[in-house]
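Quick note, the sequences are listed as chains D and Y, same order. Read left to right, the first sequence gives residues 87 to 326 (my numbering). Read left to right, the second sequence gives residues 87 to 326 (my numbering). C-beta atoms are modelled at their ideal positions from N, C-alpha and C, and glycine is treated no differently. Working notes, beginning with the structure itself.
Protein chains: 2
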Amino acid sequence: MTEATRRERLRAETEREIRQAARALLVERGRDAVTLRAIARELGITAPALYRYYDSHDALLRQLCDDICADMAAALYADLAAEPSGHVGCKVRAVCRAFRRWALAHPQEFALVFASPRDPLGADQFGSVFLQLAGQLIASNLVATHADDEVPEVLHEDLVRFQQVLVDAVSVHGVQIGEDVLNLGKIYHVVQSWVRLYGHVALEVFGRFPFAVSNPEPMFDSMLDQMLTDIGFQEDDSAM
Amino acid sequence: MTEATRRERLRAETEREIRQAARALLVERGRDAVTLRAIARELGITAPALYRYYDSHDALLRQLCDDICADMAAALYADLAAEPSGHVGCKVRAVCRAFRRWALAHPQEFALVFASPRDPLGADQFGSVFLQLAGQLIASNLVATHADDEVPEVLHEDLVRFQQVLVDAVSVHGVQIGEDVLNLGKIYHVVQSWVRLYGHVALEVFGRFPFAVSNPEPMFDSMLDQMLTDIGFQEDDSAM
DNA sequence: AACTCTTGTAAACACCGTTCACTGAAACCG
DNA sequence: CGGTTTCAGTGAACGGTGTTTACAAGAGTT
């Protein structure tokens with residue numbers, strides 16, 4: 087079972103503790119509290135020892151981002167699995183709600199991952215969750231279709247690339263979908279849905295709605311209904 | 087002319103320089119570079135001297151936020167004034183484009199103001215610009231109307247409050263609008279527009295689109311068209 | 001047993017926010 | 001005018017930070 091040497095096990099254990107301590111500091115006392123010395127203090131070692139595990143404070147923060155994304159993905163998949171309905175619209179709704187719930191429950195993590203003017207992409211970061219889900223769910227929605235000519239011609243190039251990204255992301259999980267199923271009209275609405283989903287959640291987490299919303303949840307659900315309608319799902323289960 | 091005493095003039099001048107230096111540091115080297123000592127160094131004074139002007143580093147950062155918002159508001163108003171068309175849809179488009187342009191040109195400022203898990207509101211901060219514009223522009227759009235019963239009943243309470251906020255914001259500028267003009271359907275779409283506008287801009291600034299968008303501008307314009315259609319403006323000038 | 005590799009330490013450097021006792025000049029007042 | 005108050009700015013200090021360096025000591029290898 088434990089093929090690793092004793093030293094490797096200890097190292098892995100320490101690294102786990104480092105991540106755990108960093109995460110706890112972020113959650114409990116904010117981004118600025120995630121300090122090499124604070125982490126080391128938590129583990130009962132000295133700060134320079136952490137350089138045996140990470141090249142710099144910044145590298146550790148990047149690792150923290152990856153951990154957060156992985157955890158969020160797990161939470162989203164869990165909530166998706168807990169969704170009893172096989173109806174695709176219900177699944178999309180479940181994931182979107184899970185995203186909002188997660189963000190509200192983890193504001194510091196959300197801010198770190200989703201709202202830092204960082205390196206170009208981070209595509210493999212959080213995106214993969216949504217890519218896979220979006221690809222699968224849309225591929226399984228064979229009913230409603232949009233014509234490609236609904237979307238401006240200037241966008242075609244980018245949307246075709248995104249189409250490929252979706253197909254690739256899904257195929258990693260063994261599911262094959264024809265490109266004809268995932269036409270540009272749908273792709274466009276997926277992007278628009280991500281804009282609205284992210285927009286609402288970020289505004290709520292950062293408290294940047296133009297007025298104090300006493301009960302944002304129905305507003306979110308209402309937006310979800312509109313999103314699903316736009317994307318081509320029937321709305322007959324909008325009360326769900 | 088200069089009613090102020092010599093000392094008051096010097097103080098005001100120094101405060102101006104502090105803000106200016108802080109802003110330059112934020113723009114050129116990021117949030118973490120906005121340091122009391124760095125600012126003082128720039129002015130040729132020592133760090134503790136800054137405590138004669140601000141209670142703490144945090145207070146200075148808050149002031150910086152306010153400055154940024156004021157500047158952004160000025161930029162938006164300027165772009166609005168530069169819009170030749172009297173058509174309301176064109177004005178809305180101009181302001182939304184100006185917002186995107188400003189955010190892309192000032193990513194650090196945008197991140198500081200719009201994406202920090204801060205104090206509850208900050209409503210008077212950036213919001214006022216949009217509130218006034220939204221109120222005025224919508225009030226002047228007497229053509230298209232939405233029925234109140236389009237929006238879920240659960241949202242009415244919040245939307246009525248926002249309605250009042252809009253009316254107040256506009257009345258500060260001397261414009262009076264009847265509450266019947268600003269019905270709940272429109273209000274709801276204003277909020278939804280803010281969600282999409284903020285969502286797209288934040289995703290673009292933070293590089294968090296699910297794929298590399300080579301040319302986001304047409305996508306933004308396309309979204310604007312959809313927003314304006316949803317909000318009730320005619321789309322006959324969508325090519326503008 | 002001798003050797004290397006790895007994980008930790010302690011000391012140091014330069015930077016940070018913040019406090020405090022102080023100086024010197026501007027402003028005020030009798 | 002002279003004395004006094006107000007106040008912007010200083011220098012030293014405290015505890016905190018990221019990071020580098022030289023060094024110790026145990027684990028693994030031969």
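query                                                                                                                                : result
Contact under 8 Å by Cβ, V281 (chain Y) with G293 (chain D)                                                                          : no
Partners in chain Y for A288 (chain D), counting only beta-carbon separations shorter than 8 Å                                       : A201, Y284, G285, A288
Test item: CB-CB of T132 (chain D) and A124 (chain D) under 8 Å                                                                      : no
For L162 (chain D) and G146 (chain D), the rounded distance between their alpha carbons                                              : It is worth fixing the name first, because residue 146 (chain D) is Leu in this sequence and not Gly. Spanning the two alpha carbons is a distance of roughly 24 Å.
Min CB distance M158 (chain D) to chain Y below 8 Å                                                                                  : no
Rounded C-alpha distance that separates V174 (chain Y) from L219 (chain Y)                                                           : 11 Å
Straight-line gap, A255 (chain Y) to A135 (chain Y) (C-alpha atoms, nearest Å)                                                       : 38 Å
CB contact below 8 Å: D144 (chain D) versus chain Y                                                                                  : no
Any chain Y beta carbon closer than 8 Å to L241 (chain D)                                                                            : yes
S308 (chain D) to R115 (chain D) span [Cα, whole Å]                                                                                  : 34 Å
CA-to-CA distance, Y274 (chain Y) to P296 (chain D), given in whole angstroms                                                        : 12 Å
C-beta neighbour in chain D for P327 (chain Y), strict 8 Å                                                                           : Outside the displayed range of chain Y (87 to 326) lies residue 327 (chain Y), so it cannot be described from this structure.
Buried versus exposed call for R95 (chain Y) [16 or more other C-beta atoms within 10 Å across all chains shown]                     : exposed
Helix, strand or coil at Y139 (chain D) according to DSSP, with G and I counted as helix                                             : coil
Chain-order list of residues whose beta-carbon lies under 7 Å from that of E101 (chain Y) (same chain, five-residue window excluded) : Y139
Below-8 Å beta-carbon distance, Q218 (chain D) vs any chain Y residue                                                                : no
Simplified DSSP assignment, three categories, for E169 (chain D)                                                                     : coil
Within 8 Å, strictly: CB atoms of L122 (chain Y) and A107 (chain Y)                                                                  : no
Whether V291 (chain D) touches P193 (chain D) by CB criterion (8 Å)                                                                  : yes
Cutoff 6 Å; reference L207 (chain D); Cβ partners in own chain excluding five residues on either side                                : For L207 (chain D), the predicted structure reports a pLDDT of 46, less than 50, and the residue's modelled location is therefore unreliable. The matter cannot be settled from this model.
Three-state class that DSSP yields for H192 (chain Y) in the structure shown                                                         : coil
Environment of S300 (chain Y) [buried if 16+ CB atoms lie within 10 Å]                                                               : exposed
Rounded C-alpha distance that separates R247 (chain D) from A191 (chain Y)                                                           : 26 Å
Proximal chain D residues relative to S257 (chain Y), where beta-carbon distance stays under 7 Å                                     : Those do not exist, as S257 (chain Y) stays about 16 Å from chain D at its closest Cβ, beyond 7 Å.
Three-way DSSP call (helix, strand, coil) for I317 (chain Y) in this model                                                           : helix
Close beta carbons around R179 (chain Y), own chain, < 6 Å, minus the five adjacent residues each side                               : L310
Cβ-based contacts, 8 Å cut-off: residues of the segment 308-322 of chain D near chain Y                                              : S308, M309, Q312
Three-state secondary structure (DSSP) of P206 (chain D)                                                                             : Because P206 (chain D) carries a pLDDT of 47, less than 50, the predicted location of this residue cannot be relied on, and no value is offered for it.
Where the alpha helix (DSSP H) through S300 (chain Y) begins and ends                                                                : Looking at the DSSP string, S300 (chain Y) is not in any alpha helix (DSSP H), and its letter there is neither H nor E.
First through last residue of the alpha helix (DSSP H) which encompasses R115 (chain Y)                                              : 92-115
Cut-off 7 Å between Cβ atoms - residues of its own chain near V287 (chain Y), not counting five sequence neighbours on either side   : F185, R186, A189
Proximal residues to V113 (chain D) (C-beta, below 8 Å), its chain only, five neighbours per side dropped                            : H192, Q194, E195
Backbone CA spacing between L166 (chain Y) and G318 (chain Y) [nearest angstrom]                                                     : 20 Å
Cutoff 8 Å: F185 (chain D) Cβ touching any chain Y Cβ                                                                                : no
Any chain D beta carbon closer than 8 Å to A124 (chain Y)                                                                            : no
Pairwise C-alpha distance: E236 (chain D) and T315 (chain Y)                                                                         : 14 Å
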